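Residue numbers (this note's numbering): 12 to 351.
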Amino acid sequence: MQKKCIDTLIITNLPSFYKINLYNEIALYKSIFVIYTGDTSEGRNRDFFTGEARFDYLFLSSNKLKRLKEVFDQIRFFRYEELILGGWDSLPLWLAAFISFRTKNALVVESSYLESQTRGWKGLLKKIYISRISKVYASGRSQKKITDDLGFNGKTIITKGVGVFNYVPQPQFVPRNQICNFLYVGRLVTCKNIEMLIETFNGLPQKNLHIIGFGTLEEKLKKIANDNIHFWGAISNRELFKFYQKMDVFVLPSRSEPWGLVVEEALNNGLPVLVSNRVGCAEEIVTQGENGLVFRYDDKNDLLKCISMISDLKLYNKMRENISKMNFEQIEHEQINCYL
């Protein structure tokens, strides 16, 4: 069988819009082929998995045995310079890691050490898997720490991102004279810690909390929310910028958040951010007092303190001014270049 030559073979979960954007950019410079394992992720907007793919791709079968054969066949069919594996949480990824040459294998790490186990039997399995990897693409320092803890000693590239979001021109700095509207964007599920956020704003009637998203806790959260808390449901990713730019502060209180692409989106739309210390991108892109504040995820008083601090007009407008100077086009190019 004659092999087809490409630069990069990628095996990943689902075609999220930000991954499609990233792969489209890589495909401008390299020949790539993407295999989607099709493992599901619940509670996402319908358009979270949409986008025009300008590269060749394949969805694996839902049949467990057939999908393993498909991976085996694709590995044999292609002659590639690099195999990029989008994790270690499915059998097709494990099969690919062990039948492909280790020197060609790269791993994308987007979970942070805050929610990933590196000890016990799970840590042992990850050590076995990573023994088949020669290069790691880590989103940031919190993600790199996982592979460090697992004893990985190959090449590590910090990408400072998990994909390319729907970038908008950075808004010009215009000072504001009151800080009233706070925004949350994301799923309404336990790990997002929305109940604590609502309880906090229930005690701040002079502040408005706007919640965009849906999930299993939606009805429960609506029942405990006071009149200053507004639920907007699902909003198209392409329309989100209109909400971001009307608001004053973005809040992400997660108990567990591997990265937090919405933080990048908020900053790109000119918003200072309040994020918990469990958000994976906090170490990488949130500079305390410069473009946002970090609070302890399980401490309502710490959140209240940060809300009070960011409501100070002098500090707030200084943050907005700093954010207006961020060059997201350059940040995007630097992430893409990591894969070239």
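The C-beta atom is built at its ideal place from N, Cα and C for all residues, glycine as well. These numbers were taken from a predicted model, which means no experiment stands behind them.
Can you tell me the Cβ-Cβ gap for Gln136 and Pro103, rounded? I've got them flagged as a contact below 8 Å.
Numbered from its first residue, the sequence shown carries residue 136 at position 125. Numbered from its first residue, the sequence shown carries residue 103 at position 92. Reading the sequence as shown, one finds Leu at residue 136 and not Gln. About 16 Å separates the two Cβ atoms, so there is no contact after all.
In chain order, what residues of the same chain lie with their CB nearer than 7 Å to the CB of Ile246, ignoring the 5 residues before and after it?
Along the sequence shown, one-based indexing puts residue 246 at 235. Only Ile223, Phe254 meet the Cβ criterion.
Rounded to whole angstroms, how far is the Cβ of Leu272 from the Cβ of Tyr124, which I believe are closer than 8 Å?
Within the sequence shown, the letter at position 261 stands for residue 272. Within the sequence shown, the letter at position 113 stands for residue 124. Their Cβ separation, rounded to whole angstroms, is 19 Å, which puts Leu272 and Tyr124 out of contact at 8 Å.
In the DSSP assignment, what are the bridge partners of Ser287?
For the purposes of this step, residue 287 is taken as residue 276 along the sequence shown, with counting starting at 1. Answer is Phe306, bridged to Ser287.
May I have a chain-ordered list of the alpha helix (DSSP H) segments no shorter than 4 residues that lie completely inside the region 186 to 260?
205 to 213, 229 to 235, 251 to 257
Only counting runs of 3 or more residues, tell me where the beta strand (DSSP E) segments fall wholly within the region 114 to 161, in order along the chain.
116 to 120, 146 to 149
Measuring only the C-alpha atoms, how far is Val290 from Lys77?
Counting from 1 along the sequence shown, the entry for residue 290 is found at position 279. Counting from 1 along the sequence shown, the entry for residue 77 is found at position 66. Spanning the two alpha carbons is a distance of roughly 37 Å.
Sort Glu81, Glu92, Lys14 by Cα distance to Leu20 and report the nearest one.
Along the sequence shown, one-based indexing puts residue 20 at 9. Among Glu81, Glu92, Lys14, the Cα nearest to that of Leu20 is on Glu92.
Under 8 Å: do the region 31 to 41 and the region 174 to 188 share three or more Cβ pairs, one atom per stretch?
yes
Is the Cβ-Cβ distance between Ala107 and Leu118 less than 8 Å?
Locating residue 107 in the sequence shown gives position 96, where the first residue counts as 1. Locating residue 118 in the sequence shown gives position 107, where the first residue counts as 1. Result no, Cβ atoms of Ala107 and Leu118 do not sit closer than 8 Å.
If you reduce the DSSP assignment to three classes, tell me which class Val273 lands in.
Position 262 of the sequence shown, counting from 1, holds the residue named residue 273. Val273 falls in the helix class under three-state DSSP.
Helix, strand or coil, according to DSSP, for Leu96 in the structure here?
Taking the first residue of the sequence shown as position 1, residue 96 is located at position 85. Leu96 falls in the strand class under three-state DSSP.
Could you check where the alpha helix (DSSP H) with Cys292 kicks off and where it finishes?
The residue given as residue 292 occupies position 281 in the sequence shown. No alpha helix (DSSP H) holds Cys292; DSSP gives it neither H nor E.
Look up Cys317 in the DSSP assignment and say whether it is helix, strand or coil.
Mapped onto the sequence shown, residue 317 falls at position 306. Cys317: helix per DSSP, three-state reduction.
Thinking C-alpha only, which one of Arg249, Asn219, Ile37, Gly226 is nearest Ala236?
Working through the sequence shown from its first residue, we reach residue 236 at position 225. Among Arg249, Asn219, Ile37, Gly226, the Cα nearest to that of Ala236 is on Asn219.
Going by alpha carbons, who is nearest to Leu25 out of Val45, Ala38, Arg266?
Your numbering for residue 25 matches position 14 in the sequence shown. Cα-wise, what sits closest to Leu25 is Val45.
Please report the residue range of the alpha helix (DSSP H) in which Val179 lies.
As a working mapping, residue 179 is identified with position 168 in the sequence shown. First-last for Val179: undefined, no H or E at that position.
Opposite Phe70 in the DSSP bridges: which residues?
Taking the first residue of the sequence shown as 1, we reach residue 70 at position 59. According to DSSP, which records beta bridges pairwise, Phe70 is partnered with Tyr47.
Can you tell me where the alpha helix (DSSP H) holding Asp84 begins and where it ends?
Position 73 of the sequence shown, counted from the first residue, corresponds to residue 84. First-last of the alpha helix (DSSP H) with Asp84: 75 to 88.
Please name the residue, chosen from Leu215, Phe225, Phe89, that lies closest to Val200 on a Cα-to-Cα basis.
To locate residue 200, count along the sequence shown from 1; it is residue 189. With distances taken between Cα atoms, Val200 lies closest to Phe225.
Start and end of the beta strand (DSSP E) containing Lys15?
Translated into the one-based positions of the sequence shown, residue 15 becomes position 4. Per DSSP, Lys15 belongs to the beta strand (DSSP E) from 15 to 23.
Quick test of your reading: Ser142 and Gly165, contact by CB under 8 Å. State the CB separation rounded to the nearest angstrom.
On the sequence shown, residue 142 is found 131 positions in, with the first residue counted as 1. On the sequence shown, residue 165 is found 154 positions in, with the first residue counted as 1. With 8 Å as the limit, Ser142 and Gly165 do not qualify as a contact, their Cβ atoms being about 10 Å apart.
Please classify Glu5 as buried or exposed, where buried requires at least 16 other C-beta atoms within 10 Å of its C-beta.
In the structure displayed, the chain extends from 12 to 351; residue 5 sits before or after that span and is not available.
For Phe59 and Asp100, I'd like the C-alpha separation in whole angstroms.
Translated into positions along the sequence shown, residue 59 becomes position 48. Translated into positions along the sequence shown, residue 100 becomes position 89. In this prediction, Phe59 has a pLDDT of 49, which is less than 50 and means its spatial position is unreliable; nothing more can be read from the coordinates.
Could you compute how far the alpha carbon of Ser111 sits from the alpha carbon of Lys80?
One-based indexing of the sequence shown puts residue 111 at position 100. One-based indexing of the sequence shown puts residue 80 at position 69. Roughly 14 Å between the two C-alpha positions.
For Val173, does the count of other Cβ atoms within 10 angstroms reach 16, so buried, or fall short, so exposed?
Working through the sequence shown from its first residue, we reach residue 173 at position 162. Per the 10 Å Cβ criterion, buried.
If you reduce the DSSP assignment to three classes, tell me which class Phe59 lands in.
For the purposes of this step, residue 59 is taken as residue 48 along the sequence shown, with counting starting at 1. Residue confidence for Phe59 is low, a pLDDT of 49 falling below 50, so the modelled location carries little weight and cannot support an answer.
Can you give the Cα-Cα distance for Ser287 and Arg266, rounded to whole angstroms?
For the purposes of this step, residue 287 is taken as the residue at position 276 of the sequence shown. For the purposes of this step, residue 266 is taken as the residue at position 255 of the sequence shown. Looking at the two C-alpha atoms, the distance is approximately 8 Å.
With C-beta atoms as the reference, is Tyr350 less than 8 Å away from Pro283?
Here residue 350 corresponds to residue number 339 of the sequence shown, with the count starting at 1. Here residue 283 corresponds to residue number 272 of the sequence shown, with the count starting at 1. No. Outside cutoff.
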